[in-house]
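*Asks:* All residue numbers in the sequence shown are consecutive under the numbering used here, ending with 835.
The beta carbon of each residue, even a glycine, is placed where N, CA and C say it ideally should be.
These numbers come from a predicted model, not from an experiment.
A single structure is presented below for examination.
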Amino acid sequence: MREIRFDRFGGPDVLTLHTEAPVPQPAAGEVLVQVAFAGLNPLDYKIRDGSSGRAKDLELPAGTGREMAGTVIGAGTGLDEAELGSRGLTVGTRVFGMRAPEDRRGVAAEVIAISADDLAPIPGEIPEEDLPRWAGLSLVGLTAIATVRDTAGIEEGETVLIHGGAGGVGQLLIPMALEAGAKAVLATGRSANAERIRELGATPISYDESDWASEVQRLTDGRGVDVVLDTHYHSTFLPSLDQLAGGGRIVALPSLADLSPALQRGLEARIPTIVPGRDRLDRLAQGIRAGRYPLEVSEVLPLGEIAEAHRRLEEGHTRGKLVLAVSA
508 MREIRFDRFG GPDVLTLHTE APVPQPAAGE VLVQVAFAGL NPLDYKIRDG
558 SSGRAKDLEL PAGTGREMAG TVIGAGTGLD EAELGSRGLT VGTRVFGMRA
608 PEDRRGVAAE VIAISADDLA PIPGEIPEED LPRWAGLSLV GLTAIATVRD
658 TAGIEEGETV LIHGGAGGVG QLLIPMALEA GAKAVLATGR SANAERIREL
708 GATPISYDES DWASEVQRLT DGRGVDVVLD THYHSTFLPS LDQLAGGGRI
758 VALPSLADLS PALQRGLEAR IPTIVPGRDR LDRLAQGIRA GRYPLEVSEV
808 LPLGEIAEAH RRLEEGHTRG KLVLAVSA
C-alpha cells in the first residue's frame, strides 16, 4: 500500500511516499480503515520539523497526519460483529476521526489501524463528494470544542475576538462562540476572507487593510472584548492583552504558548486541552449535518503532493482546510 513517512526532522522534502508499505494489523480494540482522505493541520508540520512537543521521543521513521475519513474494512480482537454493530462501525461503514494524543501513528496511508474509540460513523445521506470536509473535521472540531466549551467559559451577552477567523479552527470557533451565547464575535483575517467571516456570523477585521487593535477599540466603543480566542499567538497574543475589558480572559491555542505575560498582569489566560471521544465526534457530526458548522475545504491535493501541502500550511494563510486525497 502507499504511505507517507519521514525518517528525519526537517522541511517538507523529508516527507516520502512509500508505495510498498505493509498493511497494518489491527490490535485489540482497533479497526482497519481504508482511508479516502486525510486532513492537514499546522500540527503536522510542527511534528515533521521537530518543533512540536509531540515530536519529542518520536520513533523515526514515522507516519504523518492526525485525522481522516474512510471506510471500515476489518477489526482486531474484542470487536466482533455485535460489538461493531453497537458502535455503528460495521465493515463497510464510512467513518471519520482523529488519533488520540498518545497514538503517534500517522493517517496519510491507504490503510490504517486505529482505535474504535477514536472513530464515529458518517451519516449515510452524506454524498461522496463531501467526504473531504469530514476528513478535515476532527482535529479542528475537537480543538474548537475544547476552546469554547471547556476553556473560554463564554457567557450570554459577551463579546468575543477570534484571531484567524477564516482558518480551519476559526471557522468552527465562530459558530460555537455564538452558540455559547456571545452577543458579538469579531474575527481577524485577510481582506480576501472578510465575506467568509461575515457568512459565519462574525464581524470581519481585515488586518491587512487596517490596524486590528484600533478596529477592536472602535467596534467596542473603547470597552474592549470579554474573551479573546487566539489561534495565531506569536504576533497577536501580547497586543490582545490590551484589548481585554475588565474581567476579560484570553485563550491561546498553541500548546506551547507562554501565558506568563498575561498572568503577570493578573489576567486570566488558558491553553485548551483536546479531549477525544465518541460523544464529541458525534456532536461535530450533528453540527455539520444540521449546517451549524459549515467548515470549508479550500483545496484537495493528491497524496503525492504532501510536501507542497505542508509548504502551504507553513505559509499560514490557508483558508479553511487543506485535505489529501489518499485513495485517488
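Since S593 is in the alpha helix (DSSP H), which residue starts that stretch and which ends it?
*Replies:* Taken as a continuous stretch (DSSP letters only), the alpha helix (DSSP H) holding S593 covers 588-594.
*Asks:* Output the boundary residues of the alpha helix (DSSP H) element that contains D786.
*Replies:* 785-796 is the span of the alpha helix (DSSP H), which, as asked, contains D786.
*Asks:* Kindly indicate which residue of T738, P608, L524, V807 has the alpha-carbon position closest to the one of G570.
*Replies:* Nearest of T738, P608, L524, V807 to G570, Cα basis: L524.
*Asks:* Do the segment 573-589 and the segment 800-820 touch if we need at least three Cβ pairs shorter than 8 Å?
*Replies:* They do not touch, by the three-pair rule.
*Asks:* Report the start-end ranges of each beta strand (DSSP E) in the segment 543-609 that is 3 residues or longer and not cut off at the edges.
*Replies:* Qualifying beta strand (DSSP E) stretches, in chain order: 574-582, 601-605.
*Asks:* Going straight from the alpha carbon of I704 to that of D625, what length do you get?
*Replies:* Going by the C-alpha atoms only, they are around 30 Å apart.
*Asks:* In angstroms, rounded to a whole number, what distance separates the CA positions of G677 and G671?
*Replies:* Straight-line Cα distance between these residues: approximately 6 Å.
*Asks:* With F513 as the anchor, note down where its beta strand (DSSP E) starts and where it stops.
*Replies:* F513 -> beta strand (DSSP E) spans 510-513.
*Asks:* Can you grab the Cα-Cα spacing for the pair P768 / H741, in whole Å?
*Replies:* Each residue's alpha carbon lies about 13 Å from the other.
*Asks:* How would you label L644, buried or exposed, when you count the other beta carbons within 10 angstroms and need 16 or more for buried?
*Replies:* Label assigned to L644: buried.
*Asks:* Are any of the Cβ atoms in chain D nearer than 8 Å to that of G599?
*Replies:* Of the protein chains in this structure there is only one, and it is not chain D.
*Asks:* Is E803 helix, strand or coil by DSSP?
*Replies:* Here E803 sits in coil by DSSP.
*Asks:* Going by the DSSP bridge assignment, what does R777 pair with across the sheet?
*Replies:* Its beta-bridge partners are V758.
*Asks:* Could you check whether V521 and R555 sit closer than 8 Å to each other, using their CB atoms as the reference points?
*Replies:* In contact: R555 and V521 (Cβ atoms closer than 8 Å).
*Asks:* Whether or not the segment 542-558 and the segment 614-621 are in contact is what I'm after, with contact meaning three or more pairs of Cβ atoms, one per stretch, closer than 8 Å; do they touch?
*Replies:* Verdict: yes, contact present.
*Asks:* Which complete beta strand (DSSP E) runs does the segment 670-724 hold, if anything under 3 residues is left out?
*Replies:* Counting whole runs of 3 or more residues, the segment 670-724 contains the beta strand (DSSP E) stretches 691-696, 710-713.
*Asks:* For Q541, name the three-state secondary structure that DSSP assigns.
*Replies:* Q541 falls in the strand class under three-state DSSP.
*Asks:* Locate the alpha helix (DSSP H) running through S645, then write down its first and last residues.
*Replies:* Unbroken alpha helix (DSSP H) run through S645: 645-652.
*Asks:* Mind checking which residues open and close the alpha helix (DSSP H) that includes S767?
*Replies:* Looking at the DSSP string, the run of the alpha helix (DSSP H) that includes S767 is 767-771.
*Asks:* How big is the Cα-Cα spacing for I652 and E663?
*Replies:* Those two C-alpha atoms are separated by around 17 Å.
*Asks:* Since I believe L766 is in contact with L726 (beta carbons under 8 Å), could you give me their beta-carbon distance rounded to a whole number of angstroms?
*Replies:* The pair is not a contact, with the Cβ atoms about 26 Å apart (cut-off 8 Å).
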